[in-house]
Amino acid sequence: MVGKGEGPTIEIDLGTTYSCIGVWQHHRVEIIANDQGNRTTPSYVAFTDSKHLIGDAAKNQVAMNPINTVFGKFSFSFLFLFLSFFFFFFFFFFLRFEFWFYGVLVLLKFFYILKEL
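Using my numbering, you'd call the opening residue of the sequence shown number 1186 and step up by one each time.
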């Protein structure tokens, strides 16, 4: 049953360089190892013609497939901006001003990301 805090809790740390997963259980955290035995996984995602790669596999092929590999703070920030503006214009043109507040949130996030770059 949710709410009593008696069961294990899974925590996910999605970092810009590395990501990891931990389980809070019996008053301590245990970091879960990935399929290669590492406790952290590089925050890389790559797409090929036949499959998608994550972590070490994606990082190892970045030199051969740089266009289809996403990693780092810069890449994720611009991906977020692209998706945000897409949804902003969708709401603005198709739903008119009913969701004007979403546009304000997008602009605030845009300036926040530019400040970090």
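A virtual CB, placed ideally from N, CA and C, is assigned to each residue, including glycine.
Where does leucine 1238 land, buried or exposed, given buried means 16+ other C-beta within 10 angstroms? buried
Cut-off 6 angstroms between Cβ atoms - residues of its own chain near asparagine 1219, not counting five sequence neighbours on either side: Thr1226
Quick check on serine 1228: buried or exposed, where buried means 16 or more other Cβ atoms within 10 Å of its Cβ? buried
Just to confirm, is the Cβ distance from glutamine 1221 to aspartate 1241 under 8 angstroms? yes
Threonine 1254 burial status per 10 Å Cβ neighbour count (16 or more: buried): buried
Helix, strand or coil for glycine 1192, going by three-state DSSP, please let me know. coil
So, is alanine 1243 buried or exposed, given that buried needs 16 or more other C-beta atoms within 10 angstroms? buried
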